[in-house]
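In this note's numbering, the protein residues as written are 10 to 275. C-beta atoms are modelled at their ideal positions from N, C-alpha and C, and glycine is treated no differently. Presented below is the structure to which this report refers.
Set out below in structure tokens:
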């Protein structure tokens, strides 16, 4: 029969517009609480109230679950969740992230591996080398290098799109780790008091490696003002003024290995 006036039929532009609008509303509904968390200062992520209470899941654990949800979650939501997971204190996030990254690599779940690497790059940007506790068996710098080396080794001869993106993600993760280690080496330490008068001892208030107020590894421009793009190019502060500088394509491009789209992880 004929359609009633105003009825939307699949295949029509009106139907597609309605579907797009509904999808956008769903994405925003899922993003809204994450965007609220994004406004919190870094110090708020050190609050014990964000972590497990009465055996309930901690905020970092919930964020990591969202980031690893795969095709069951919007890619935009997963990216923000992974970035927020990187803000959490390493004591509450590094072990689970390191373990799940290793599991994803062993199981060949490359989308999940990239999500973990994206979170780790975010954590290295916000927390420096503290994102990889040296005492951890799954998240230490040595363990992180080992899992990235496995990715580069196992996927070295695989030219598929998924493997290429995952290798590039491992490369960027290693680069972020090396930068964090170099910045940590530049921090004043007690043994750096060469004259013995105690004047050179750190007070604990010094910025680690020139990190900016937002916690990102942001290079400074010629005037000394921090730029809005991190060196790893993994995040742009939505509250910062846009800059006219040319953009570099992000290396970790797609978190979800099922949708076949090419979305940047910024």
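Pick from the options: whose alpha carbon is nearest that of residue i?
i, options, result
"residue 124", "146, 135, 91, 116", "91"
"residue 192", "139, 169, 111, 103", "139"
"residue 131", "45, 195, 32, 188", "188"
"residue 47", "81, 96, 74, 176", "96"
"residue 115", "162, 195, 55", "162"
"residue 160", "145, 144, 80, 177", "177"
"residue 146", "168, 107, 184, 158", "107"
"residue 196", "137, 169, 144", "137"
"residue 44", "89, 167, 112, 53", "89"
"residue 76", "113, 152, 65", "113"
"residue 184", "167, 153, 53, 168", "153"
Under the assumption that residue i contacts residue j (Cβ atoms under 8 Å), give the Cβ distance between them as a whole number of angstroms.
i, j, result
"residue 67", "residue 101", "6 Å"
"residue 122", "residue 110", "6 Å"
"residue 173", "residue 126", "Their Cβ separation, rounded to whole angstroms, is 14 Å, which puts residue 173 and residue 126 out of contact at 8 Å."
"residue 128", "residue 49", "With a Cβ gap of about 17 Å, residue 128 and residue 49 do not count as contacting."
"residue 289", "residue 98", "Nothing about residue 289 can be read from this structure; the chain reaches only from 10 to 275."
"residue 104", "residue 148", "6 Å"
Is the Cβ-Cβ distance between residue i and residue j less than 8 Å?
i, j, result
"residue 85", "residue 156", "no"
"residue 135", "residue 51", "yes"
"residue 83", "residue 39", "yes"
"residue 164", "residue 175", "yes"
"residue 190", "residue 150", "yes"
"residue 80", "residue 87", "no"
"residue 119", "residue 171", "yes"
Sequence ranges, alpha helix (DSSP H) only - wholly within the stretch 69-124, length at least 4: Complete alpha helix (DSSP H) runs here, min 4: 84-94, 99-116.
Ordered list of alpha helix (DSSP H) runs contained in the stretch 142-200, each at least 4 residues: Along the stretch 142-200, the alpha helix (DSSP H) occurs as fully enclosed runs of 4 or more residues at 150-163, 170-194, listed in sequence order.
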